[in-house]
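Under our numbering, residues -5 to 223 are what the sequence shown spells out, in order.
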Amino acid sequence: TRSEAAPDGALSAYLIDPDGTHAPVLLHTEPGAASLRVCDIAADNRFVLLRRGPRGRREALLLDRATGRIPFRLHVADGDPWIGRLSPDSRTLWLRSDADREFAALLRVRLAEDGTAEDVSVAAERDGSQLDLLSLPDHGRWALLAWNAHGASDLESVGLDGTGAAVGPHHRSELPHEVVTRIAPVARGGLFAALSGSRRRPGIWQVDGLFGPVRTGWTAPDGEAAPPG
């Protein structure tokens, strides 16, 4: 996907064919938008999750490509622009949101067939702690959550249930670094986490459902990355 600004100040999001064999497809245009980002596209390509708005007034928009309408929107948290993801069947939308609350949490939005919300509930939250990062693998069976614990990251994976039941089980891990700066899904069903801190060199670690962070082969060990002395 790509976002592009027009001379009149409108922002447009396009679907781009990486092979270059098909022309770009216009997904959505926002007149006078401060920002516009495509966060997810449904498996059947019907629904698109967009994030728009300036800092402090971010919104998640669910675009129905079949009708061109926005059947659902909700205030979402600042920070990481990847604010959520659709389940594989497009009947559940998972969002990192601070709507009507002080600290961002994981919200579960149950969707009707037309994309309207049947129910919005808190799936995971922590007292006095902000949900900084959220990422889901393509299979959608679990999610990785990074909570802000007094400036450091507390990373956990949780099993996901779109029926309204409590998420779980929860698996927490001791991180080799203090802060998680980015989480991104991997095509084969896991996640990459970018870690950083004051005690070690930053690096990329792979995380799976069993939740054992493993240093990637292209991340140099501390002994090789740190200068002598």
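A virtual CB, placed ideally from N, CA and C, is assigned to each residue, including glycine.
1) Could you compute how far the alpha carbon of residue 174 sits from the alpha carbon of residue 37?
2) Rounded to a whole number of angstroms, what is the C-alpha to C-alpha distance between residue 64 and residue 129?
3) Can you say whether residue 222 is buried or exposed, counting buried as having 16 or more other CB atoms within 10 angstroms of its CB?
4) Assign residue 90 to one of two classes, buried (16 or more other C-beta atoms within 10 Å of its C-beta) or exposed (fewer than that).
5) Leaving out five residues on either side along the sequence, give the residues of the same chain with a beta carbon under 6 Å from the beta carbon of residue 176.
6) Confirm, please, whether the CB-CB distance from residue 154 to residue 141 is below 8 Å.
7) Taking the C-alpha atoms as reference points, what is the distance between residue 178 and residue 207?
8) Identify, in the order they occur along the chain, each residue of the same chain with its Cβ nearer than 6 Å to the Cβ of residue 23, setting aside the five sequence neighbours on each side.
9) Of all the alpha helix (DSSP H) runs that stay within the bounds of the stretch -3 to 40, which reach a length of 4 or more residues?
10) If I measure Cβ to Cβ from residue 99 and keep anything under 6 Å in the same chain, skipping five residues before and after, which residues do I get?
11) Quick check: what's the CA-CA separation for residue 70 versus residue 47?
12) Relative to the C-alpha of residue 114, which candidate in 102, 151 and 62 has its C-alpha closest?
13) Helix, strand or coil for residue 86? Go by DSSP, reduced to three states.
14) Are the Cβ atoms of residue 58 and residue 109 separated by less than 8 Å?
15) Suppose the cutoff is 6 Å on Cβ atoms and the five residues either side in sequence are ignored; what does the same chain contact list for residue 11 look like?
16) Checking 8 Å against the spacing of the C-beta atoms, do residue 66 and residue 80 come in under that value?
According to the structure shown:
1) 28 Å
2) 23 Å
3) Low confidence applies to residue 222: its pLDDT is 47, below 50, so where it sits in the model is not reliable, and the reading given next is rough at best. Residue 222 comes out exposed.
4) buried
5) 188
6) no
7) 14 Å
8) 4 and 6
9) none
10) 116, 119 and 125
11) 10 Å
12) 102
13) strand
14) yes
15) none
16) no
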